[in-house]
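I have placed the structure first, in the form of structure tokens, so that the comments after it can refer back to it.
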Amino acid sequence: MSPTASLPASPEITQHLVQQQCAVQWRGFFQALAAEFAAALPPEDLRALMFRVGARFAAEHPLPACATLDELQRGMTAVWERIDWGWVRLTQEAAQLDIRHSLSPVSAAFGPSHVLWSGGFLEGVYQAWFEQAGAGQLKVVQVAPADAWGGVHLQLAR
Numbered sequence: 321m322s323p324t325a326s327l328p329a330s331p332e333i334t335q336h337l338v339q340q341q342c343a344v345q346w347r348g349f350f351q352a353l354a355a356e357f358a359a360a361l362p363p364e365d366l367r368a369l370m371f372r373v374g375a376r377f378a379a380e381h382p383l384p385a386c387a388t389l390d391e392l393q394r395g396m397t398a399v400w401e402r403i404d405w406g407w408v409r410l411t412q413e414a415a416q417l418d419i420r421h422s423l424s425p426v427s428a429a430f431g432p433s434h435v436l437w438s439g440g441f442l443e444g445v446y447q448a449w450f451e452q453a454g455a456g457q458l459k460v461v462q463v464a465p466a467d468a469w470g471g472v473h474l475q476l477a478r
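Going by our numbering, the final residue of the sequence shown carries number 478, and the count climbs one at a time with no gaps.
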């Protein structure tokens, strides 16, 4: 076994580490906010709202000019690392670009019952960033709910 390999974490360890993704001082606030949002709006409207919030975030955190996919990935990851929001891996597939965001605190902040709409935030961020990079004719879509660790799989395609 390599020095970095380990056995799967127990449910208790997993839960503890997931809770560390959102500071305790904010967790109650965000979960109450999410509950109020969910009581007032249907999930599709909440997803659209979070998309707009994500686009605003991207506008406030523009990327430097990038000539390659690697430069784009580094620019995106630099933003996320500055605010302790994990990182992103971009992988070109045949008909789309896979976007894998690791360790997003969104799920931990809003709680697991809101993952179906809270992912709209990352959709909005990545959509706006790809538009800044000249790929406005393509669309970013989340293809699976966030996992327990804040891993989110999105794709950029037609």
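Glycine included, every Cβ here is placed at the ideal spot set by N, Cα and C.
Cutoff 6 Å; reference residue i; Cβ partners in own chain excluding five residues on either side
{"i": "W400", "result": "G406 and W407"}
{"i": "G395", "result": "L383, P384 and C386"}
{"i": "E443", "result": "F371, V460 and Q462"}
Cα-Cα separation between residue i and residue j, rounded to whole angstroms
{"i": "T264", "j": "H473", "result": "A query on residue 264 cannot be resolved here, the shown segment of the chain reaching from 321 to 478 and no further."}
{"i": "A480", "j": "P362", "result": "With the chain represented from 321 up to 478, any question about residue 480 goes unanswered, as that position is not in the structure."}
{"i": "P425", "j": "F377", "result": "15 Å"}
{"i": "V445", "j": "D365", "result": "17 Å"}
{"i": "Q340", "j": "T397", "result": "20 Å"}
{"i": "A375", "j": "P331", "result": "34 Å"}
{"i": "R402", "j": "Q416", "result": "28 Å"}
{"i": "Q421", "j": "Q447", "result": "Sequence inspection shows His at residue 421; the Gln mentioned does not correspond to that position. Computed Cα separation, rounded: 14 Å."}
{"i": "A343", "j": "G454", "result": "35 Å"}
{"i": "F495", "j": "A414", "result": "Past the edges of the chain, shown from 321 to 478, lies residue 495, and the structure says nothing about it."}
DSSP bridge partner residues for residue i (one or two, in chain order)
{"i": "Q475", "result": "D418 and V461"}
{"i": "V408", "result": "H421"}
Nearest-angstrom beta carbon gap, residue j and residue i [assumed within contact, 8 Å]
{"i": "G456", "j": "L423", "result": "Not really, about 28 Å apart at Cβ, beyond 8 Å."}
{"i": "I419", "j": "L458", "result": "Going by Cβ atoms, the distance from I419 to L458 rounds to 11 Å, so no, they are not a contact pair."}
Contact set for residue i: own chain, Cβ-Cβ below 8 Å, skip 5 residues either direction
{"i": "Q452", "result": "A378, P382 and L383"}
{"i": "F441", "result": "M370, F371, V373, G374, F377 and V426"}
Residues of its chain near residue i, where Cβ-Cβ distance is below 7 Å and the 5 sequence neighbours each way are ignored
{"i": "V435", "result": "S427, P465 and A466"}
- Message: Does the contact criterion of 3 or more C-beta pairs under 8 Å hold for the region 428–443 versus the region 386–395?
- Response: no
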